[in-house]
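The structure appears below as structure tokens.
Residue numbers (this note's numbering): -17 to 59.
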């Protein structure tokens, strides 16, 4: 589940994670836990995580992951 994956980022078991098509209840708790643990979370560059795209990663991985997702067209339908 998304919550478990976000908690894996929080615990340091994953360096980064992204997923599309989440509902608010899939995202809320895991996003909070990840942020409280020091991970960065968001969606498209400059936007918060939302159901369209959720990205979570350690501080050193977050922006490169967003850039790679943008280059690959991850948030383009």
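Every residue gets a Cβ at the ideal spot worked out from N, C-alpha and C, and that includes glycine. If you're wondering where the values come from, they're calculated on a predicted model, not measured in any experiment.
DSSP bridge partner residues for residue i (one or two, in chain order)
| i | result |
| --- | --- |
| residue 37 | 0 and 24 |
Endpoints, the alpha helix (DSSP H) within which residue i is located
| i | result |
| --- | --- |
| residue 6 | 6 to 18 |
| residue -7 | -16 to -7 |
Span separating the alpha-carbon of residue i from that of residue j
| i | j | result |
| --- | --- | --- |
| residue -2 | residue 32 | 16 angstroms |
| residue 50 | residue 11 | 26 angstroms |
| residue 18 | residue -8 | 8 angstroms |
| residue -4 | residue -13 | 8 angstroms |
Whole-number beta carbon distance between residue j and residue i, since they are thought to touch under 8 angstroms
| i | j | result |
| --- | --- | --- |
| residue 36 | residue 21 | Not really, about 12 angstroms apart at Cβ, beyond 8 angstroms. |
| residue -16 | residue 9 | 6 angstroms |
| residue 34 | residue 2 | 6 angstroms |
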